[in-house]
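A.B. asks:
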């Protein structure tokens, strides 16, 4: 089916956005200029002026994950001996070796980003470290595709059914690709989903991703609380459709314009869910651990509300004139199949992709793109010290740099990194750094 999604404007105003204007290298006619950033918190990026003073690049950048720092830099290369590169976001992993947990997540993120290759998953363009030996090694930079905004900002817009449905379709395509590789994302939330103004969507941040096929017990910090599935809150095992609960929470937020279940802690999170969706069945209760079951069974019983009351027609955009299936009743039907407390009764990603509200965009090449090779979790399942993780990551970065060497005539990006890091340090000391 021909797609008629029009470009939607991304107008983002973030007061007091922290900015850093680098010293721009001399730009000659014909040079390729790439703007990079480290988790810019909002607002328009500074233009890069050519010899005629006209900005070469101006974009709106997205925020990112919990480990990133904020900077700008530029990279200039000569087209005669260097292939054209797309603009990229240069993200620095913040304090990757602060502790074992940070180090493990940094390793996992880097490995998974090298593996996956799908149009709805953020691509890795480059990776490097400014340090020249393992004894100095402390920073990792990941260069990713440059996007316009994250979904937090898009949710605040008035989305019609075409845009909402198409964004959800792309989310599901990216998730399906991860699941084909046996990877559960585990941390889907609006800030981990980025978009371009043409409605292109990509999933990012794989620091918490994990292999499917085993009943893992989640730590309290896995998955941001608001998007955390009931089986996670209650310490049950989980499978791939734990990600579908998160997508349901995101879809509901698109419709309402605010978070569905804003719990203050894991107990309040559970209460927020059952107050709206109802207390689960006795069959569900039997699968809980005895102590958890005792608590849940002693809570007040809630009948829950019909989805027509939770999401009345007035919250939805007008019915699509292009696609008869893109209407409130179909959107609500999909939502009620994702927001199911019992994971055994929750819809799967394959079923969601075939739902009438989503399948209008279905293309086999996008849904069933070749899966990446399976990720070997045997390394990060072992107990390692921070220094051992550091050795593993350094080896991975060195191998990547060797396979993707930077031309010798390009400006020293490590020097740019050192200079921007110096600005960041000064900001922190003066108390003006953005909170992370």
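Numbering (the UniProt record's numbering), first residue to last: 1 to 436. Cβ atoms here follow ideal geometry from the backbone N, Cα and C, with glycine treated the same way. The model shown is predicted, which means the values in this text are computed figures rather than measured ones.
1. So, helix, strand or coil for residue 307, using DSSP?
2. Looking only at its chain, what residues have a beta carbon closer than 6 angstroms to the beta carbon of residue 165, apart from the 5 residues adjacent to it on each side?
3. I want to know whether the segment 366-376 touches the segment 298-313 - three or more CB-CB distances under 8 angstroms.
4. Evaluate residue 354 with the Cβ neighbour count: other Cβ atoms within 10 Å of its Cβ, from every protein chain shown; 16 or more gives buried, anything less gives exposed.
5. Under the assumption that residue 176 contacts residue 360 (Cβ atoms under 8 angstroms), give the Cβ distance between them as a whole number of angstroms.
6. Hey, could you find the ends of the beta strand (DSSP E) residue 144 is sitting in?
7. Could you tell me the alpha carbon to alpha carbon distance between residue 230 and residue 351, rounded to whole angstroms?
8. Which residue or residues does DSSP assign as beta-bridge partners of residue 149?
9. If you follow the alpha helix (DSSP H) that residue 273 is part of, which residue opens it and which one closes it?
10. Assuming the contact rule is C-beta atoms closer than 8 angstroms, residue 106 and residue 140 should be a hit. Round their C-beta distance to whole Å, please.
11. Roughly how many whole angstroms lie between the Cα atoms of residue 198 and residue 296?
12. With DSSP as the reference, identify every bridge partner of residue 128, one or two as the case may be.
13. Look up residue 358 in the DSSP assignment and say whether it is helix, strand or coil.
14. Cβ atoms of residue 203 and residue 437: under 7 angstroms apart, would you say?
15. Out of curiosity, what's the CA-to-CA distance linking residue 307 and residue 332?
16. What residues in its chain sit with their C-beta under 6 angstroms from that of residue 99, if we drop five residues either side in the sequence?
17. With a CB to CB cut of under 6 angstroms and the five nearest residues on each side skipped, what residues in its chain are close to residue 192?
18. Quick one: grab the DSSP three-state call for residue 201.
19. Using DSSP with H/G/I as helix, E/B as strand and the rest coil, what is residue 382?
20. In terms of DSSP beta bridges, what is residue 134 paired with?
21. Short check: CB of residue 201 to CB of residue 153, under 7 angstroms?
22. Return yes when the Cβ of residue 147 is within less than 7 angstroms of the Cβ of residue 196, no when it is not.
23. Given a threshold of 16 other Cβ atoms within 10 Å of its Cβ, counted over all protein chains shown, does residue 382 qualify as buried or as exposed?
C.D. replies: Straight from the coordinates:
1. helix
2. 326 and 357
3. no
4. exposed
5. The Cβ separation is near 17 angstroms, so there is no contact.
6. 141-145
7. 20 angstroms
8. 195
9. 266-277
10. 6 angstroms
11. 45 angstroms
12. 141
13. coil
14. Given that the chain is displayed from residue 1 to residue 436, the structure contains no residue 437 and the question cannot be resolved.
15. 7 angstroms
16. none
17. 204 and 205
18. strand
19. coil
20. The partner list for residue 134 (beta bridge, DSSP) is empty, contrary to what the question assumes.
21. no
22. yes
23. exposed
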